[in-house]
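K.L.:
Below is a structure I'd like to ask you about.
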Amino acid sequence: MNIIKLPKITDTRGSLSYLESGKHVPFIISTIKLLTVQNKTEKYFFLNNNDSEFALIPLCGGFKLAEKDADGEYIVNEPDKGIHISGKNFFVFDFTENTVVLIVCSKPDFSAKREC
Numbered sequence: 001m002n003i004i005k006l007p008k009i010t011d012t013r014g015s016l017s018y019l020e021s022g023k024h025v026p027f028i029i030s031t032i033k034l035l036t037v038q039n040k041t042e043k044y045f046f047l048n049n050n051d052s053e054f055a056l057i058p059l060c061g062g063f064k065l066a067e068k069d070a071d072g073e074y075i076v077n078e079p080d081k082g083i084h085i086s087g088k089n090f091f092v093f094d095f096t097e098n099t100v101v102l103i104v105c106s107k108p109d110f111s112a113k114r115e116c
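Here you go:
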């Protein structure tokens, strides 16, 4: 897992970040999904995605992310930063209120399980 920095354009109207397949994320994008969190105590497990690569970017709010069976945690809470995960089982948890996460994946489908 590693933090990725996205380009950020700022003017008087605000800020805009963007990403390009193979340039800002180190894989070809196949699927993009939005995760809208209603309950801050939910956990999402991404399991058995061994040949998939992911980039998770908080469009609003923030979250923590950890590898399954690992000690370290990553905190992701800036819309111009995301986290790149390659071939790992991981889970996302400890959301802030009204979190929206952009999930970018290298495969057309992936396995995620929600636990309340």
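Using our numbering, you'd call the opening residue of the sequence shown number 1 and step up by one each time.
Idealized CB from N, CA, C, for every residue including glycine.
(1) What is the residue span of the beta strand (DSSP E) that LEU56 lies within?
(2) Distance check for ILE29 and LEU6, CA to CA, integer angstroms please.
(3) Mind checking which residues open and close the beta strand (DSSP E) that includes GLU73?
(4) Kindly indicate the opening and closing residues of the beta strand (DSSP E) around ASN123.
(5) For GLU97, which residues in the same chain have their Cβ closer than 8 angstroms to its Cβ, ignoring the five residues on either side in sequence?
(6) Short of 6 angstroms in beta carbon distance, which residues of its chain neighbour PRO26, apart from the five on each side in sequence? Order them along the chain.
(7) Grouping DSSP H, G and I as helix and E and B as strand, with all else coil, what is TYR44?
(8) Where does TYR18 land, buried or exposed, given buried means 16+ other C-beta within 10 angstroms?
(9) Taking the Cβ atom as the reference point for each residue, do ILE107 and SER52 lie within a distance shorter than 9 angstroms?
(10) Would VAL104 pass as a contact of ILE57 if the rule is Cβ separation under 9 angstroms?
P.N.:
The answer reads as follows:
(1) By 1-based counting over the sequence shown, the position of residue 56 is 56. 53-60 is the span of the beta strand (DSSP E), which, as asked, contains LEU56.
(2) Within the sequence shown, residue 6 is the residue found at index 6, counting from 1. Within the sequence shown, residue 29 is the residue found at index 29, counting from 1. LEU6 and ILE29: Cα-Cα distance of roughly 15 angstroms.
(3) For this step, residue 73 is matched to residue 73 along the sequence shown. 73-76 is the span of the beta strand (DSSP E), which, as asked, contains GLU73.
(4) Coverage of the chain is limited to positions 1 through 116, which leaves residue 123 absent and any answer about it impossible.
(5) For the purposes of this step, residue 97 is identified with residue 97 of the sequence shown, where counting begins at 1. Hits under 8 angstroms: LYS40 and GLY61.
(6) Working through the sequence shown from its first residue, we reach residue 26 at position 26. None.
(7) Walking along the sequence shown from the start, residue 44 turns up at place 44. If DSSP states are grouped into helix, strand and coil, TYR44 belongs with the strands.
(8) Sequence index remark: in the sequence shown, residue 18 carries index 18 (1-based). With fewer than 16 other Cβ atoms within 10 Å, it is exposed.
(9) Taking the first residue of the sequence shown as position 1, residue 107 is located at position 107. Taking the first residue of the sequence shown as position 1, residue 52 is located at position 52. The sequence shown places Lys at residue 107, rather than the Ile named in the question. Cβ atoms of LYS107 and SER52: closer than 9 angstroms.
(10) Translated into the one-based positions of the sequence shown, residue 104 becomes position 104. Translated into the one-based positions of the sequence shown, residue 57 becomes position 57. For VAL104 and ILE57, yes; Cβs fall inside 9 angstroms.
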